[in-house]
Ligand code: ARG
């Protein structure tokens, strides 16, 4: 934003300055104050002084100039990047085939998509990676089940994820009562792991899985740049790397034949005694592969808290190969969700949750007398439902566990996705129906009300809020901002009129509402929600 760019050159460390930006509005003195803090110990360009304590610098803006600047920056956002763009790779969603897409995967999907969007907003080059789990002894079991049930892979065409899941469940049941099943599954896995059997039918499973998943991702407005498969890093494929680790003494055989790495005096298994790979061996190989392919500055893994140990070990092991691979790596953790289920029982597929949200929204829309008849369609209910689920998740502090509650997620009062959609529709409808054209220039002399000053001050914060959300990987920072903005905009709706007032005045007020709409729209899009114009 222009405003921020104006003061940033005064700072050596733009990140710190942006992060600490505060804007306040004093109505009685008709001025805006923008203040921020320099990083402790850094020199200030202007004064040549060492700002030992990260002195606070305040910039006082005359009301008129400030309003003009903010409006301009909303209507035509400055293109010049605020901070240097980077190459960011993000591993997120990453479900396992034939296993439930649980609430943890949903959180990873929603949080990861937000992190990708906010990085893209700041001109970073982002690669969205979905690392699908399709390897391990369990998949031997799946293969066993496919054979036992004589399932033709062509049949997977209709509802393939469900079919694979059922087969997997069936095979697990067989295995519980029959040891031979496990033996066979193990043998099967070991055979494909060591290249003794071809992976033809695996390709088919991958194909239908991706097709099916993409339908759901599309519903959420998410597109991945790359699908990687755990099986890409199977025993045969990563043998040279494992041999290298052994030569470099990073892994060693123990008495049972397993190969382990030492991390802070602890032994961490990397290969099983028959040299079969496990989750971490494949992740070591895939990290190096991602580094090579995407030359990332940052590699973010958006995966639940429960895998903290796994990622700590992964980074420690790869560090022993070379620091450079892990310098940019980070595990972006998040807490558990409890209670997310549908009427029919536990969540198995993401689609079920989105259907449930859509249907519940449909019921609500039908009951509400405010619903526009033209908005009573499937698409709108679907978008409202997904908005509710996404925003309900993103408004939580990332690392906190929370309990999912349908009523709270779908409420139109309180801080919900429905409320933000409603605000966007209301602003849109005002622009469309007030019969006044948007003016080309901003004339602040018409914008004298205190509430307008408050809205402007909020609009001015947008970029720094986004920047803070990016730095902390916290969508809730952006969301509390949007909810606060919504409160001011609603107050503005109550306190100032656009209809039945003199034309210039109406047009200038409309311009402020318009800017608010643009900020809400951009905000929703970054959160991964499609803004509605009617509901
Ligand atoms: N498929 C894994 C799971 O469901 C998550 C994978 C996360 N990404 C990774 N590179 N390990 O638990």
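Residue numbers (UniProt numbering): 1 to 535.
Think of the CB as a built atom: it goes at the ideal place given N, C-alpha and C, for glycine as much as any other residue.
- Per the DSSP secondary-structure output, residue 133 pairs in a beta bridge with 96.
- Contact between residue 516 and residue 455 holds: CB atoms are separated by about 6 Å, below the 8 Å threshold.
- Within the same chain, 60, 61, 62, 63 come within 7 Å of residue 31 by CB-CB distance, once the 5 residues on both sides are set aside.
- The beta carbon of residue 225 sits no closer than 8 Å to any heavy atom of the ligand ARG.
- Residue 106 is positioned such that its CB atom lies closer than 9 Å to that of residue 393.
- Taking the CA atoms as reference points, residue 245 sits about 16 Å from residue 273.
- Residue state for residue 278 is assigned as coil, using DSSP reduced to three classes.
- Residue state for residue 62 is assigned as strand, using DSSP reduced to three classes.
- Comparing alpha carbon positions, the residue from 169, 138, 413, 158 closest to residue 149 is 169.
- A Cβ-Cβ contact shorter than 9 Å links residue 204 with residue 156.
- Per the DSSP secondary-structure output, residue 449 pairs with nothing in a beta bridge.
- Cβ atoms of residue 284 and residue 314 come within 8 Å of each other, at about 6 Å.
- 119 is the residue among 480, 427, 119, 26 whose C-alpha sits nearest the C-alpha of residue 297.
- For residue 529, the secondary structure class from DSSP, reduced to helix, strand or coil, is coil.
- Take the alpha-carbon of residue 527 and the one of residue 187: they are about 45 Å apart.
- With distances taken between CA atoms, residue 25 lies nearest to 457 out of 417, 192, 457.
- The beta-carbon separation of residue 470 and residue 122, rounded to 6 Å, stays under the 8 Å limit for a contact.
- Classified as buried, residue 360 has 16 or more neighbouring CB atoms from the shown chains inside 10 Å of its CB.
- Cβ-Cβ distances below 6 Å link residue 508 to 443, 446, 447 in the same chain, with the five nearest sequence neighbours on each side left out; the list follows chain order.
- Residue pairing by DSSP places residue 434 in no beta bridge whatsoever.
- Within 10 angstroms of the beta-carbon of residue 438 lie fewer than 16 other beta-carbons, which makes it exposed.
- Counting C-beta atoms within 10 angstroms of its own C-beta, residue 306 has fewer than 16 neighbours from the protein chains shown and is therefore classed as exposed.
- The beta carbon of residue 477 sits closer than 8 Å to the beta carbons of 465, 468, 469 from its chain, once the five residues preceding and following it are set aside; these are given in chain order.
- Counting of Cβ neighbours within 10 angstroms places residue 417 among the buried residues, the total reaching 16 or more.
- In this structure, the straight-line span from the alpha carbon of residue 401 to that of residue 206 is close to 32 Å.
- By the neighbour-count criterion, in which 16 or more other beta carbons inside 10 Å mark a residue as buried, residue 176 falls on the exposed side.
- Here the alpha carbon of residue 194 sits roughly 6 Å from the alpha carbon of residue 235.
- Going by DSSP, residue 374 is part of no beta strand (DSSP E) at all; its letter is neither H nor E.
- Excluding the 5 residues flanking it on each side, residue 96 has same chain C-beta neighbours closer than 6 Å at 133, in chain order.
- Closer than 8 Å to some heavy atom of the ligand ARG: that does not describe the Cβ of residue 231.
- For residue 102, the three-state secondary structure derived from DSSP is coil.
- According to the DSSP assignment, residue 329 belongs to the beta strand (DSSP E) that extends over 329-332.
- Among the bridge pairs identified by DSSP, residue 299 is matched with 89, 329.
- Judged by beta-carbon spacing, residue 129 lies within the 9 Å limit of residue 224, meaning their Cβ atoms are closer than that value.
- Within a 10 Å sphere around the beta-carbon of residue 421 sit 16 or more other beta-carbons, which makes this residue buried.
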